[in-house]
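Sequence lines, in order, name chains A and B. Residues in the first sequence are numbered consecutively from 18, following our numbering. Residues in the second sequence are numbered consecutively from 18, following our numbering. Every residue gets a Cβ at the ideal spot worked out from N, C-alpha and C, and that includes glycine.
Protein chains: 2
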Amino acid sequence: MNLTIAEENYIKAIFHLQQAEGNVSTNQLAASLHTKPASVTDMLKKLTIKSLLNYEPYQGVRLSKDGKKQALNIVRKHRLWEFFLVDKLQFGWDEVHEVAEELEHVRSKKLVDKLDSFLGHPKFDPHGDPIPDSNGNMVTIRQFNLIDIKISTIVEVCGVGSQSAELLELLRHKNIGIGTVLKIIRKFDFDHSVEIQIKNSDHINISQQLAQALFVKLI
Amino acid sequence: MNLTIAEENYIKAIFHLQQAEGNVSTNQLAASLHTKPASVTDMLKKLTIKSLLNYEPYQGVRLSKDGKKQALNIVRKHRLWEFFLVDKLQFGWDEVHEVAEELEHVRSKKLVDKLDSFLGHPKFDPHGDPIPDSNGNMVTIRQFNLIDIKISTIVEVCGVGSQSAELLELLRHKNIGIGTVLKIIRKFDFDHSVEIQIKNSDHINISQQLAQALFVKLI
DNA sequence: AATTATTTTTAGATAAATCTAAATAAATAA
DNA sequence: TTATTTATTTAGATTTATCTAAAAATAATT
């Protein structure tokens with residue numbers, strides 16, 4: 018089934034809204050898509066005919082199995098492109114969303130799969146959200162960027178933002194790897210560097226760039 | 018000025034057609050865009066109002082200065098994405114056109130410029146067509162793929178399809194570089210390899226993969 | 001429970017990009 | 001030069017995704 022860009026945007030919005038709440042209401046969707054409730058009703062009818070969602074007038078909607086599959090594919094593309102923009106093109110992780118909103122609509126299965134390989138099959142996007150694989154499966158835990166963790170928190174490293182040799186060299190030197198447990202000691206505003214402590218050893222300093230390349234989970 | 022995708026496709030088609038011929042006719046455009054002449058007339062009027070082209074009923078069109086600028090930007094994006102697909106994602110040079118047709122419409126100046134840097138500011142796309150820089154300037158000579166050159170032709174190497182270490186190693190070994198003058202001696206259908214002669218030295222054999230990575234100009 | 005407020009849907013309109021069929025202009029051939 | 005063919009434009013219709021305004025359904029409040 019080939020969806021228009023507008024249809025894809027509705028499917029994606031419903032997907033994200035139904036994660037939090039149960040059924041998604043017309044008004045919620047209108048707000049999320051910056052459109053009017055009347056327009057939403059029209060589109061919901063259209064997507065119902067395409068059996069992408071289950072819609073009862075006045076009752077809100079949920080995605081069908083097929084709709085969820087479509088949504089996961091769009092989310093996959095969005096997050097892979099975000100990873101590409103940050104890891105390869107040196108975008109800041111806070112400025113990639115808009116561009117990925119456009120790139121996610123490019124339709125070519127081959128492109129997505131080759132991009133995935135090129136990036137080294139990343140499991141999380143630059144915001145720490147999991148990237149679905151080509152079957153729509155994804156890791157369920159939420160990753161955080163080390164730079165966003167509050168002082169005194171103890172976390173476990175569970176991912177890195179890139180597979181570059183340079184990053185891996187630095188991580189080996191600092192004795193940090195997947196599974197490393199560390200505590201945030203202090204954060205410096207001047208250069209956004211972070212002081213951490215691994216186990217009971219000495220405090221070490223992590224640069225902004227490195228902190229942004231490290232994904233951690235709360236333990 | 019922000020153009021729709023349809024408008025961009027018209028501007029690009031006119032740009033390519035007016036290179037060859039002088040004024041571009043309604044029927045030519047309809048054929049090139051797989052649409053009907055009546056639709057073309059409508060769009061030409063719209064683009065005239067936006068002063069992207071000079072249109073006199075029944076006389077065909079030419080792009081205005083502004084239209085040409087827009088066209089060069091679209092062509093730039095198209096060719097940079099083609100280069101990316103071949104050089105980074107391992108697409109064949111014959112299968113990138115369609116995907117690039119979609120990628121070229123993503124609007125973000127920053128994206129294009131960063132992509133350009135990431136790719137090493139390539140001067141030619143995988144088909145040997147020149148890539149305009151961000152000011153719309155491009156090299157005027159036409160490059161050919163070595164694999165497309167006829168037997169007995171003498172050519173000069175003027176570009177390579179990628180900057181990979183592997184390619185450069187092979188080229189050094191075979192003593193081929195930018196500026197190397199060579200003659201096509203023979204072509205083998207079985208593996209599409211090419212026999213060449215550099216200066217007056219012995220004949221050497223070039224694999225299909227290598228021939229496709231070499232751009233040459235006629236001298 | 002009745003009234004009021006909110007949410008959602010319907011009805012009808014608009015803009016963009018396309019189409020078909022008919023009319024008109026330009027080019028070609030007898 | 002007139003007739004015929006071809007190219008182009010106009011007129012009116014269609015589809016998609018929007019909108020506004022009004023009606024209908026649901027939820028909240030007195």
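Can you pull the chain B residues whose beta carbon is under 9 Å from the beta carbon of residue i, in chain order?
| i | result |
| --- | --- |
| A:Q107 | K131, S134, F135 |
| A:V78 | Residues of chain B passing the Cβ test: none, with the nearest at roughly 29 Å. |
With C-beta atoms as the reference, is residue i less than 8 Å away from residue j?
| i | j | result |
| --- | --- | --- |
| A:V156 | A:K140 | yes |
| A:L70 | A:I31 | yes |
| B:I223 | B:V198 | no |
| B:G77 | B:V41 | yes |
| A:I166 | A:R203 | no |
| B:Q229 | B:N162 | yes |
| A:I164 | A:N192 | no |
| B:I201 | B:I213 | yes |
| B:S80 | B:Q36 | It should be pointed out that residue 80 of chain B corresponds to Leu in this sequence rather than to Ser. Going by C-beta atoms, B:L80 is not nearer than 8 Å to B:Q36. |
| B:K62 | B:M18 | no |
| B:V103 | B:W110 | yes |
| B:L136 | B:F108 | no |
| B:L231 | B:V174 | yes |
| B:R96 | B:D146 | yes |
| A:K86 | A:I158 | no |
| A:V113 | A:P143 | yes |
Could you name the residues of chain A that residue i contacts, counting a contact when the two beta carbons are closer than 8 Å?
| i | result |
| --- | --- |
| B:R124 | E119 |
Is there a Cβ from chain A that is less than 8 Å from the Cβ of residue i?
| i | result |
| --- | --- |
| B:V116 | yes |
| B:L128 | yes |
Of all the CB atoms in chain B, is at least one closer than 8 Å to the CB of residue i?
| i | result |
| --- | --- |
| A:F163 | Contrary to the premise, residue 163 of chain A reads as Leu rather than Phe in this sequence. No, its Cβ sits nowhere closer than 8 Å to a Cβ of chain B. |
What does DSSP give as the partner residues of residue i in its beta bridges?
| i | result |
| --- | --- |
| A:E173 | A:V198, A:K234 |
| A:L80 | A:L70 |
| A:R203 | A:E212 |
| A:P139 | DSSP output for A:P139 lists no bridge partner at all. |
| A:I223 | A:V211 |
| A:P147 | A:F141 |
| B:V41 | B:V78 |
| B:N162 | B:F232 |
Taking 7 Å as the cut-off, does the CB of residue i come closer than this to any heavy atom belonging to the ligand FMN?
| i | result |
| --- | --- |
| B:I168 | Of ligands this structure carries none, so the ligand FMN is not represented either. |
Taking 8 Å as the cut-off, does the stretch 116–126 of chain B touch the stretch 116–133 of chain A (at least 3 CB pairs, one atom from each stretch)?
yes
Inspect the CB distances between the stretch 18–36 of chain B and the stretch 182–189 of chain A and report whether three or more fall short of 8 Å.
no
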